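Working notes, structure below.
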Amino acid sequence: MLVSLNWLKNYVDLQGLPPESLADKITKTGIEVEGIDYVAAKSTNVVVGYVESCEKHPDADKLNVCQVNVGEETLQIVCGAPNVAAGQKVVVAKPGAVLPGNFKIKKAKLRGVESNGMICSLQELGIVEKFVPKDVAEGIFVLPNDVEAGADALQLLNLDDAILELGLTPNRSDALSMLGVAYEVAAILDVDVKLPDTSVSMIEAKATDEVGLTVDAPELNPYYAAFVIKDIKVGPSPLWMRNYLIAAGIRPINNVVDITNYVLLEYGQPLHAFDFDTFGSDEIVVRRAKQNETMTTLDDQTRDLTTDHLVITNGQEPTALAGVMGGANAEVSDTTTTVLLEAAYFDPKAVRIASKHHGLRSESSARFEKGIDPNRVYAAGLRACQLLAAHANGTVLSDPVIFDRLDKSEKQVTIETTRINERLGTDMTDEEIAIILKKLGFTFEQDGEKFDVAIPTRRQDISQFEDMLEEVARIYGYDHLPYTLPQGAAQAGGLTKAQELKRFVKNYFEGAGLKEAITYSLTTTNRAQMLVSPEIKAQSVTPIRLAMPMSEEHSTLRLSILPEMLDSLAYNLARKQANLGYYEVGTVFISEEEKVTKQPKELLRAGAAVTGEWLAHPWQQEKKAADFFLIKGILEGLFDRLHVDATFEPTKIDGMHPGRTAIVKVGHTVIGFVGQVHPKLQKDFDLKDTFVFDIDLEYLIEQHENEPSFNKIPRFPTVTRDIALVVDETVSAGDIQQTIETNAGPLLKEIQVFDLYQGDRLEAGKKSLAFHLLYLDPERTLTDDEVEASYQTILTAVQDAHKAELRS
Amino acid sequence: MKERLQELQQEALDKVNEATTLEALQTIRVSYLGKKGPITEVLRGMGKLSPEERPVIGELANKVREAIANQLDNKKADLEAQALEKKLETEKIDVTLPGRPVSVGGPHLLTSIVEEIEDLFIGMGFEVREGPEVETDYYNFEALNLPKDHPARDMQDSFYITEDLLLRTHTSPVQARTMNEYKGNKPVKMICPGKVYRRDTDDATHSHQFTQVEGLYVDKDVRMSDLKGVLNQFAKQFFGEEREIRLRPSFFPFTEPSVEMDISCKVCHGEGCSVCKQTGWIEILGGGMVHPRVLEMAGYDPTVYSGFAFGMGPERIAMLKYGVDDIRHFYTNDVRFLKQYHKA
Ligand SMILES: [Zn+2]
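For the protein sequence lines, the chains are A and B, in the order given.
Using the working numbering, the letters of the first sequence map in sequence onto residues 59 to 866.
Using the working numbering, the letters of the second sequence map in sequence onto residues 1244 to 1587.
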């Protein structure tokens, strides 16, 4: 809502406050002033001039020499505007005037002819382009003839105005009118509101004799008033009205349309003017539209209607889509002489449905949708009649046609001082509350600390104690509320075990060199099905798509963190950032049903991706590219920190390198995978070799319920034996390790692979693997015999299971 | 004999002094102090001496041995020290060359901000609650006093999956769920951080996915001044002691009265500048007293319980605190962006 302060001054005394301080007060009390717009930059010494004569410059074709009466004197001014003419009232900057841009007007000679000032265009006066009416965009501005030469032109043109841009929250639709804003400002400044004069002289002839009214859908239209105004002369509206409309962001059209717009802004009551001669009948019928009925609106669009839409008709066909837009058939034109003026109350929901359905958001519909003041409908109609009489030559017929089933009563809300103070933390007295209610302009009955407040119907947003609590609080001033801390019993706040673990895991990844990424949960349907871990795939019936995505790019909920993370890597690679290590902890979304009917399963996953050089020390020619064992090592480190015994088994997953991917298992539970992205997919993303994992963090957190118990630091030494085995190259280290573990007995505490050899010194198709075997008994020193016995058992077992031979 | 011993001592000491290697010293040690050495030989001839002379010569011989041995030890220590010095000299490196880089990771800026907010409120006795990102219409809207035809639903156009399921548009449903869980008979003091989604086209100031941290405190006799006190404490701890706060009336369907909180501009300290659009204030969060209908729907009797709620956007806070100029930076994961905030 744009509020011209010059206009507002007609209803409320602004007490000479500068726009900035008024704006500050309004903002602090409840309506945010988002900006202050000055119509024109500051100018001085600008007056109205009367062009007494205008003759061609003797030496210049495009210049005119004008004698301009500016009140106490007549100035000779040379003017280059094409539209200047004798007999005009114009805007003159006298010598000594300062125009925007610090442009000082001085006496001068133009091509030998003396010029004592300048005749101005609106732009030269600093009026912002958007406020300049189209018809005067080229050339000087011509004032109406009734203004007096010598008068202050800035004031006349409303150029001394400041416009407040109000950011209205949905509840404050009462401030969608100048009067509503006036009440708000009056409450803040503790002054009275001066209502507009609505007295109209009406002729004896009755509107009810001219037009009939039937309302067939009173549930959507509880109030309808139709005024008839004859003898209309369509023309421009008065300068002050045009100024105000321009300031409010509405382009002036003609006096009839301007008046309905002016009253809409003044009262917040949308009105509609029909040309009675083209209305098509003398009977107004308000009804629901018929299914598949059509109408052509003012903008020449054909609209398909449904029974949800309310229409004004002439008994035959629609002439307006109620509250949204008029019909083309009864539009006011330059030749209109009789106006049928509608002032009505339309159901907010019905208007919202219609305006949404047709994509028509108008000043009218915006107000109806939010609920207008039922007590202003008729008054606004009267106000428009008065203005049509005054500025459009109208003759208003008496006895307007009215249908009225509208509830215009005021709601009652009871408040008590104690309860208010309890909720706000204040110590207001009964008197202070009473003063606040008076400022708000609310009538009330007081009984000690109890106030029965009658809520004015302009404030549709107030219906209960808490609403009044807010009214009292904001007029009291949020600034004046004390700072207190809750009195309730102190509670120990904190993170849950799971939340702490989540932070721990993230810190671990960061310590391991990974940077945290945050990617979008919404991805393409194609990507949603990419790189999905087998245990997720097993549960997910179908990826979850939005009903109405804005784009395919963000249409489907992810089943893996990885595809969007690969996208982030590619983004960086394209910017020459080639060495990257990312992790993300986030949710994936699993639907266990083909057609989603209930909330999906949301699982917390951890994903990571590394690519490029991991460690590099250039001047020492050291370079270590990220590889499978780097990403696996990060994962193993995590499992170690979380006391999880995980195993890795070769596996094949769509989008992953078939020979470099492992499934991760804890016992028999699959919790994710690790490996290299398939070279084909790498190419699709424009990536180099990229290694990833995706694991079930929720599972890991759940498993880690117990704090690790304290393990005594062993007092006895560890005994290490090494075993080097030659096996077929198809035998995996994991398998051998498994065999060793199952056969070694309780004294073997740890197995470490310390060598892998394949090459000339071995038979083709063979490899050698060497392990450290670490033995420990915490209670005593081990004997060589015990260790040797275990070693021999192991040797026999691996020989049996893997045809392993001791490497000599 | 006495002279011979003194001669030997002088001779040996001279040789020790002249020696330049450890090997030479060893040779001297063996040749003078060894079993076949001249001193032993002298002592062998002691039989010819008178019984009075014997102990005198014996003592002298021991002194000579001792003197030579001491001198050998001292010289050895000297030579070893010299050798070490020489070795260290050869081990010299150029300490101005760069060290071996360590691969360091770090948190995303949003995580740092969210965790800092979490920790501040934990310090004030709040717990941290999380909830689903795919929500029911009931918890996302209706339980928060936003019935189906409420005009404020326009304010938050949403991503629906079915008529009843949508990506949550705020983290407030977690508050409703927590209140439901507590069954209307114990205080709720929680914050809920998380991802939220709205039907916005991504540009410099809009993102279809963003982060929110909301808070809720419901108890008997919670006052609006408590909201002011708690938010003030938060703002001063998070943004700095010198920052002032200001509450302005606002509107949210789930609170009444509703507030918006501004903090004084860091750049101009309230004087007005381009950062704060000449107002001296910067909007930081919204909140208010929990709407009685929200309490009621969650099973709390609004005549007994009252509460406050608030919500803020970590992206916006990061943009203000660090001058980040485009919200998309938070989601493109440009490593050059991420790294800037890994520093303390
Ligand atoms: Zn500032």
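No residue lacks a Cβ here, since even glycine has one placed at the ideal position from N, Cα and C.
Predicted model, so just to flag it, every value in this text is computed and none were measured.
For residue 1452 (chain B), the nearest CB of chain A lies under 8 Å from its own CB, placing it at the interface with that chain. For residue 1417 (chain B), the nearest beta carbon of chain A is not closer than 8 Å to its own beta carbon. Shown here for residue 859 (chain A): same chain residues with a beta carbon closer than 7 Å to its own, the five before and five after excluded, namely 797 in chain order. For the stretch 656–679 of chain A, residues whose beta-carbon sits nearer than 9 Å to a beta-carbon of chain B comprise 656, 657, 658, 660, 672, 673, 674, 675, 676, 677 and 678. Residue 501 (chain A) has its alpha-carbon roughly 16 Å from the corresponding atom of residue 523 (chain A). Distances from the CB of residue 1435 (chain B) to the heavy atoms of ligand 1 are all 7 Å or more. A buried status is given to residue 63 (chain A), since no fewer than 16 other beta-carbon atoms sit within 10 Å of its beta-carbon.
Within chain B, the residues 1468 have their CB atoms less than 7 Å from the CB of residue 540 (chain A), given in chain order. At a C-beta separation below 7 Å, residue 536 (chain A) has these neighbours in chain B: 1490, 1491, 1492 and 1502. Listed along chain B is no residue with a C-beta nearer than 8 Å to that of residue 500 (chain A); the closest approach is about 16 Å. Legend: CB atoms of the stretch 201–234 of chain A lying less than 8 Å from CB atoms of chain B belong to residues 227, 228, 229 and 230.
Secondary structure at residue 443 (chain A): helix, using DSSP grouped into helix, strand and coil. For secondary structure counted as the beta strand (DSSP E) over 3 or more consecutive residues, the stretch 386–444 of chain A holds these complete runs in sequence order: 397–403.
In chain order, 1577 and 1578 make up the part of chain B whose C-beta sits under 7 Å from the C-beta of residue 630 (chain A). One thing to note: residue 235 (chain A) has its Cβ no nearer than 8 Å to the Cβ of residue 158 (chain A). A direct Cα-Cα distance of roughly 5 Å separates residue 607 (chain A) from residue 613 (chain A).
Residue pairing from DSSP places residue 639 (chain A) in a beta bridge opposite A:668. Shown here, residue 597 (chain A) sits in a helix according to DSSP, grouped into three states. Annotation for residue 1515 (chain B) indicates a beta carbon within 7 Å of some heavy atom of ligand 1.
By DSSP's assignment, residue 362 (chain A) forms a beta bridge with A:352.
With respect to chain B, the C-beta atom of residue 525 (chain A) has a partner C-beta closer than 8 Å.
Residues of chain B whose Cβ lies closer than 8 Å to the Cβ of residue 638 (chain A) are, in chain order, 1578. Residue state for residue 1304 (chain B) is assigned as helix, using DSSP reduced to three classes. Here residue 833 (chain A) is buried: its Cβ has 16 or more other Cβ atoms, across all protein chains shown, within 10 Å. The C-alpha of residue 1278 (chain B) lies about 23 Å from the C-alpha of residue 1261 (chain B). Listed in chain order, the positions of the stretch 1428–1456 of chain B with a beta carbon within less than 8 Å of a beta carbon of chain A are 1430, 1432, 1438, 1440, 1442, 1444, 1451 and 1452. When beta bridges are read from the DSSP output, residue 659 (chain A) appears opposite A:648. Under the three-state reduction of DSSP output, residue 380 (chain A) falls in the coil class, being neither helix nor strand.
Close to residue 1475 (chain B), with beta-carbon spacing below 8 Å, are these residues of chain A in chain order: 541.
Residue 1435 (chain B) and residue 181 (chain A) have their C-alpha atoms some 53 Å from each other. A Cβ-Cβ contact shorter than 8 Å links residue 1490 (chain B) with residue 536 (chain A). Of the other Cβ atoms in all chains shown, fewer than 16 fall within 10 Å of the Cβ of residue 1547 (chain B); this residue is therefore exposed. The C-beta distance from residue 470 (chain A) to residue 510 (chain A) rounds to 6 Å, short enough to meet the 8 Å contact threshold. For residue 1580 (chain B), no beta strand (DSSP E) encloses it; the enclosing alpha helix (DSSP H) starts and ends at 1578–1583. Note that the C-beta distance between residue 745 (chain A) and residue 735 (chain A) is below 8 Å.
In the structure shown, residue 1487 (chain B) falls within a coil segment according to DSSP collapsed to helix, strand and coil.
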